[in-house]
Structures are given as structure tokens and as C-alpha cells.
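So the sequence lines, in the order shown, correspond to chains A and B.
In terms of my numbering, the first sequence opens at residue 595 and continues consecutively.
In terms of my numbering, the second sequence opens at residue 595 and continues consecutively.
Virtual Cβ for every residue (Gly too), placed ideally from N, Cα, C.
Down below is the structure, laid out as C-alpha cells.
Number of protein chains: 2
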Amino acid sequence: MGGDFGPSVTVPACIKALQQHPDLFLVLVGSQTQIEPLLKGMSASTRERLSIVHTEVAIDEESPPGSVLRKYKDSSMYLAVSLVKDGLVAACVSAGGTGALLLTGRHLLKTISGIGKPAIIASIPVLDSEQRCYLLDVGADLTCDASQLYQYAVMGSVLDSVTHVRENPRIALLNVGHEEHKGTDQIRQAAQILENTEGLNYVGFIESNEVFIGKADVIVCDGFSGNVLIKSSAGLVRVIESLFHDSVQRNLFYRILGLLAAPLLRPLRERIDPSQFNGASVVGLQGIIVKSHGNANTTAFGHAIEEALNELSNNLPELIRQKIIAMKTINVSGAAVSHDIL
Amino acid sequence: MGGDFGPSVTVPACIKALQQHPDLFLVLVGSQTQIEPLLKGMSASTRERLSIVHTEVAIDEESPPGSVLRKYKDSSMYLAVSLVKDGLVAACVSAGGTGALLLTGRHLLKTISGIGKPAIIASIPVLDSEQRCYLLDVGADLTCDASQLYQYAVMGSVLDSVTHVRENPRIALLNVGHEEHKGTDQIRQAAQILENTEGLNYVGFIESNEVFIGKADVIVCDGFSGNVLIKSSAGLVRVIESLFHDSVQRNLFYRILGLLAAPLLRPLRERIDPSQFNGASVVGLQGIIVKSHGNANTTAFGHAIEEALNELSNNLPELIRQKIIAMKTINVSGAAVSHDIL
Chain A
595 MGGDFGPSVT
605 VPACIKALQQ
615 HPDLFLVLVG
625 SQTQIEPLLK
635 GMSASTRERL
645 SIVHTEVAID
655 EESPPGSVLR
665 KYKDSSMYLA
675 VSLVKDGLVA
685 ACVSAGGTGA
695 LLLTGRHLLK
705 TISGIGKPAI
715 IASIPVLDSE
725 QRCYLLDVGA
735 DLTCDASQLY
745 QYAVMGSVLD
755 SVTHVRENPR
765 IALLNVGHEE
775 HKGTDQIRQA
785 AQILENTEGL
795 NYVGFIESNE
805 VFIGKADVIV
815 CDGFSGNVLI
825 KSSAGLVRVI
835 ESLFHDSVQR
845 NLFYRILGLL
855 AAPLLRPLRE
865 RIDPSQFNGA
875 SVVGLQGIIV
885 KSHGNANTTA
895 FGHAIEEALN
905 ELSNNLPELI
915 RQKIIAMKTI
925 NVSGAAVSHD
935 IL
Chain B
595 MGGDFGPSVT
605 VPACIKALQQ
615 HPDLFLVLVG
625 SQTQIEPLLK
635 GMSASTRERL
645 SIVHTEVAID
655 EESPPGSVLR
665 KYKDSSMYLA
675 VSLVKDGLVA
685 ACVSAGGTGA
695 LLLTGRHLLK
705 TISGIGKPAI
715 IASIPVLDSE
725 QRCYLLDVGA
735 DLTCDASQLY
745 QYAVMGSVLD
755 SVTHVRENPR
765 IALLNVGHEE
775 HKGTDQIRQA
785 AQILENTEGL
795 NYVGFIESNE
805 VFIGKADVIV
815 CDGFSGNVLI
825 KSSAGLVRVI
835 ESLFHDSVQR
845 NLFYRILGLL
855 AAPLLRPLRE
865 RIDPSQFNGA
875 SVVGLQGIIV
885 KSHGNANTTA
895 FGHAIEEALN
905 ELSNNLPELI
915 RQKIIAMKTI
925 NVSGAAVSHD
935 IL
């Protein structure tokens, strides 16, 4: 029910996912009367793998996140996350509000042992590669201490290594410069911890102008900075497209040129298309939750489902749990790092 | 002497500025032996308006900023800011290190009464307008309290109103959402102060994807976020140019198309060209300092000189001083705002 378009986007994306994955079962949580009409024309064999948990209650986007746990226990989002908690489904995908989803997720699923708070991780395009890199946090927690940044590094590293099949993902901390005196206390402390942790491939600070050129596979920052980074980039891409569109409209010669140049711009668009940015995961919980943009179209919501499948097939929460344990035992040997900072 | 290219960029930019502004006098502070050869071919009348304060000492970019005040009192940067302090010149433009320039500026010029710390203000392009908007802080202070954000709003508003001749510049706070419960304590507190301040046109929160579409004239944030925003945008523009360039190289047809499409992309490039981003001012000091990017080319360094002229002709520090005083007296009437927060 979530997002700007509700079932009109999410349901068609679900049907497509069922068609693409013959072993996938989906439970749609929401208004049966809104969902049913959108299922017409499905083959019987596909329809068998889709069920509906009916509720008419959807969370009002204007409500403060805190109200979710008090007022919305019969909402589609709360029920969907409950299904994960009760082991009735293996993952949850939602285009609902981020704050509500985080609160519900933490409340029902709890964080993995050793993880203080969940983070939202986004994948962003890299110029010189077909692959992408991971950026976290992009909005779960606006201010982070050093141990959170360290945990983000571990979680991002685990997700990157399974998604992009990289053995030692390069981890960098987002900062305003490369020199070791740069950055906030939290960032410099996190750098110290990461430098003294074996089993993580920490490569140092990265500046924001370097994130798109593949200088790192996992980029770690607080939720405010990460949010600024992905949203300003998506906004800039839209502005550039709009400026290009305006140029093309100026006269007939430019219009023809625009048509001819379209294939030139296609690879560029594919690489930086915001709908491909979609499917930010909530990581750090004892269960899989993927957050779709509210304004996702069917393709973009489909990406969010794919992301859930990716994490599911790799059992991401368990991998994170194991990695955090492995890290802890090694980390204390770092002479410059006090243990209680973790 | 500062920046990646030193006098080879700064001196030609200075010569051009002298030619364009017949009433401009420039004092170049740096190595006479490096500067002199670059002045050949200047007309005698232009050469008369240029003088050199010789020093062979330039600040090592690797030095921590704190060392500047101890070790570099005879450096080109320190001497240049001293000239402002002593009233021998009216403004200083430098492509040297940001940290060093801020420290030197604060140490020698002091902040304007009512301003706690200086900020760095950058101008960024806006899609639907020939004008730009101002973003501050972009790196002077990585974490800011509410009163700093308030002061940034005042300073940005003053600079925008004189540069872009706008009577009531729209001021927005950068945040991760529009709802009033969003953001850090500092941001929500700053919003409260700004809402209760007469004489400032505060329009609310702005998200990062909206900064390029002209939703506000002055965008206020902490130095870390601002730095992330401008650097990631500049980085993304460079990536897009590079992807386009690669597309064009794929075969002869695309190469011809690329040549034909060049005029299509020109307005776009002009609008988002990073060299046009240049000339971030250090605002809040009792004197004018403009910071050029270290990697600025001659055109970009020229923009930084223009920015200094703009601030000088408007006597920006004095305008800020007056505005801060005017604000203070009105602001305390805001019932929801405690006075000591300012």
C-alpha cells in the first residue's frame, strides 16, 4: 500500500517478479479490494504463488514515525514485518515511510547481536565498472558514533562481498579530505578502529567527488551525509536531463539532433538512472527488509524485490552476525583502540 | 602561490582581471622570481596597477592547519591576509588550503560581532534561472549548533540580496525531509529560531534533490553536509561528461554525432561547469577573503577575483554586521525561542 502510487505500482511489479522467478511466493499485505482487480489476467499457476493478507489500514505518511507502534498495529506495514518475525515469510519489501519501517523493523525483528542500530544501505553507480558500490547509512540514523560507523563498515562489506562477489571489498570512510586530521571526532575514531581491525579491507578516507569513480566498494558515513549524497546526485541527474530536454526543444535542427543523439545518451542514462538506484536495504536486523523509494515505478519496485531475493539467497542477516563475531575477537588486539569504544 | 598550479594559473587570471577592471589594483604575494616572468607582455599602464610583496615561503599543503600560525608567519597566505588586516588591501583571494586560510582569517581579521565562526559559502547553479543560489557552510565547521545555522542564514541572505539583487531571499534549511519532526536537534532548533525571526524570509526545510531546482535562494547546512553536496555534485558532473565522452568514441557515427551534438550540450555545460562553481567566500570575518578551489584554472580563479570585487563593492562585512544587529533586537520576541540559544 505504500509509496506515492500504492498497489498500482507494487502489484504489477509483484506479478512480473513471480513470472521471472518460478520458485518465488509472494504475500501481498493490503486492501484486497484494491489488489484483486490488478491481478486479472494472471495465469492460474502464477496466481497460486500469490496470496493476500487483507487490511484496509495503511500508515498515514503525515503521522510521526513514533505513532506507528501505538496506532498502526493493523497497518499493512506492521503486518508485513510481523510475517517476517513469525517466520511466515522470508523477507519484506515496502515503499512506505522510512521512519515507520525502521521503527517497526527494530521493534519486531530486533537488531543482530553486536549491531546497535540498523542502517539503510544504497547501491550507487560507478563509472569505470558495470558494478556498483554500496553507501551506508543513507538515512536511518542522522548522527553516528565511531562504533556505528565501524558496524556499517562490517555490514556493507558483507553485503558487497556476496552481491558483487568480491573477496575483500575496499571500505572507505566519507570525509572532507584525505589527511588523517580531517573530519569529525567520530570519523577519525572510526578510522582508528578500522585501521586496527584485521579481516576488513579499510582503504582510508574518500571525498564525495570520488564516490562515482570506483575508489571504494563500500562507503561509510552518517545517515545525514549519505542522504544528502544520494538525493543531491539523483536531483542533479534529473536537472541535467531536463536541461538536455530543453536544449533539444529549441528548434527543429536540435530536435533531430536530439533524436539522433538518443543512443549516445542511453548508456549514460542506464548507468545513472535513479530508478536503478532503488532497493535500499535495512541492514542490521534479524530479518530482511528492503525499502523501495516512495516514488518508485514498476521497474524500480521490481529492483527492490530482486534485492530482497539477493539477500535471502545469501542469508545476509546470518552472514552479518558471523562477521561481527569474527571481527570482535580480532579487533581488540589493535593497540591504539580501546575496547569499550566498540 | 596556492592551489595545484600556483602562479601559472593565478598570475594570468590577475592580469586578465586588471585588463577588465581599469580601477582595480592587485598586490601579488609570493615568489618574485616565479611571478615576474609571467608578467611579460603586460602594457605599462596595466603593470602600474600591479605590485608584488615578495616571499619565498608557501604553506606546505601537508602541514596540519594548526601549524600555520606557528610556523608560517612569513608565508604568502599569512602575509596576504595581514595586508587586509592592516588596511593596505581591501580583499584577499587565495587558492591555498581551506583550513589554513580559515585559521589565518580568524586569527588576523576576527569574526564580525555577533558571528561565532566564519563559514564558507558557495554558489550553485539553479535549473530554471540564470541566477544561482547560495549554499553554506561547505566546510568551515563540520558540525554546527542551531545558533551557527541561524547566523549562516543571516549571512547567506545578506550576500544573496546584494549579489542577485533579491529583496527577500528565500532561506531554507537542508534536511532529510520536509516534516517538522525530521532532522537533527540542531536543525529543528534552528528552524524554530528562524520561524521566530522577523526580517528573514525562512521558507522551511529543503531536501538535497531540490537544491538545483530553485526552491530556495539560500540553503543552510553544516559544513560536512555542504561539503558532501557540492563535491558529490561536481564529481557526478565529471562522471557524466566522461561517460558521454566514452559513448562518443565508440565508432565513427557516434563521433560525428558527438560533434553535432556539442552545441546541444553547451548550455548544459555552462550551467553546471565546475569551474563556474568557483570562488567560495569566507564570510563572517571583519574583512573579505575569497577561497578559490585548489584545482581552479585561470577562468575559475578569475571568478574568485570577481567574487571578491562583488563583496567589496557591496561592503559585505559591514552589511552582515548591520543585519546581525537588526536581527538580534527583533529575534528575542519569538516566544518559543530562548534568548541564550543565540
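Query                                                                                                                                                             : Result
Quick one: complete alpha helix (DSSP H) runs, 4+ long, within the stretch 664-697 of chain B?                                                                    : 670-679
Answer with yes or no whether the minimum CB distance from K917(B) to chain A is below 7 Å.                                                                       : no
Rounded C-beta distance between G733(A) and I714(A)? I'm assuming under 8 Å.                                                                                      : 5 Å
Since I believe L677(A) is in contact with V621(A) (beta carbons under 8 Å), could you give me their beta-carbon distance rounded to a whole number of angstroms? : 6 Å
Relative to the C-alpha of D722(B), which residue among N845(A), L910(A), V884(A), F838(A) is closest?                                                            : F838(A)
What are the residues that DSSP puts in a beta bridge with V884(A)?                                                                                               : V687(A), S875(A)
Return yes when the Cβ of K711(A) is within less than 7 Å of the Cβ of D999(A), no when it is not.                                                                : Because chain A spans 595 through 936 in this model, residue 999(A) falls outside it and cannot be assessed.
Below 8 Å, can you find three or more Cβ-Cβ pairs linking the stretch 690-702 of chain B to the stretch 903-921 of chain B?                                       : no
So which residues on chain B does K825(A) lean against when the C-beta distance must stay under 7 Å?                                                              : E801, S802, N803
Three-state secondary structure (DSSP) at H615(A)?                                                                                                                : coil
Around the Cβ of N845(B), are there at least 16 other Cβ atoms within 10 angstroms (buried) or fewer (exposed)?                                                   : exposed
Counting beta carbon pairs with one atom in the stretch 800-813 of chain A and one in the stretch 824-831 of chain B, are three or more of them shorter than 8 Å? : yes
Can you check whether the CB of H775(A) is closer than 7 Å to the CB of P658(B)?                                                                                  : yes
Using beta-carbon positions only, say whether H648(A) and Q628(A) come within less than 7 Å of one another.                                                       : no
If we count the other Cβ atoms within 10 Å of its Cβ and call it buried at 16 or more, is N762(A) buried or exposed?                                              : exposed
So for I629(A), helix, strand or coil by DSSP?                                                                                                                    : helix
Return the CA-CA distance between A794(B) and C815(B), expressed in angstroms with no decimal places.                                                             : Note on identity: in this sequence residue 794(B) is Leu, with Ala being the wrong assignment. In a straight line, the C-alpha of L794(B) is about 16 Å away from that of C815(B).
Taking C-alpha atoms, which residue in Y666(B), S688(B), K679(B) lies nearest to T892(B)?                                                                         : S688(B)
Under 6 Å Cβ to Cβ from F818(B), same chain only, skipping five residues before and after it: list those, please.                                                 : L736
Between the C-alpha atoms of L743(B) and A716(B), what's the straight-line distance to the nearest angstrom?                                                      : 15 Å
Note down, in chain order, every chain B residue with its Cβ under 8 Å from the Cβ of P631(A).                                                                    : What P631(A) touches in chain B: nothing, since even the nearest Cβ is about 32 Å away.
Show which residues of chain A have a CB atom less than 8 Å away from the CB atom of T737(B).                                                                     : T778
Taking just the CA atoms, how far does E835(B) sit from E937(B)?                                                                                                  : Residue 937(B) lies beyond the stretch modelled for chain B, which goes from 595 to 936, so this question has no answer here.
Between the beta-carbon of V662(A) and the beta-carbon of A694(A), is there less than 7 Å?                                                                        : yes
Quick one: what's N795(B) bridged to in DSSP?                                                                                                                     : R764(B)
Is it buried or exposed for F895(B), if we count other Cβ within 10 angstroms and need 16 for buried?                                                             : buried
Taking the C-alpha atoms as reference points, what is the distance between S755(A) and Q745(A)?                                                                   : 15 Å
Where DSSP assigns a beta bridge to H648(A), which residues make up the other side?                                                                               : G624(A)
Grouping DSSP H, G and I as helix and E and B as strand, with all else coil, what is V732(A)?                                                                     : coil
Look at the alpha carbon of S932(B) and the alpha carbon of G600(A), and state the distance between them as a whole number of angstroms.                          : At S932(B) the pLDDT is 37, less than 50, meaning the model places this residue with poor confidence; the figure from the coordinates comes in the next sentence. The straight-line gap from Cα to Cα measures roughly 43 Å.
By the criterion of Cβ-Cβ separation under 8 Å, what are the contact partners of N795(B) in chain A?                                                              : Correct list: empty, because the minimum Cβ distance to chain A is about 22 Å.
The alpha helix (DSSP H) with V812(B) in it runs from where to where?                                                                                             : Here V812(B) belongs to no alpha helix (DSSP H); instead the beta strand (DSSP E) covers 812-814.
Report the partner residues of R643(B) according to the DSSP bridge assignment.                                                                                   : Answer is none; R643(B) lacks a bridge partner.
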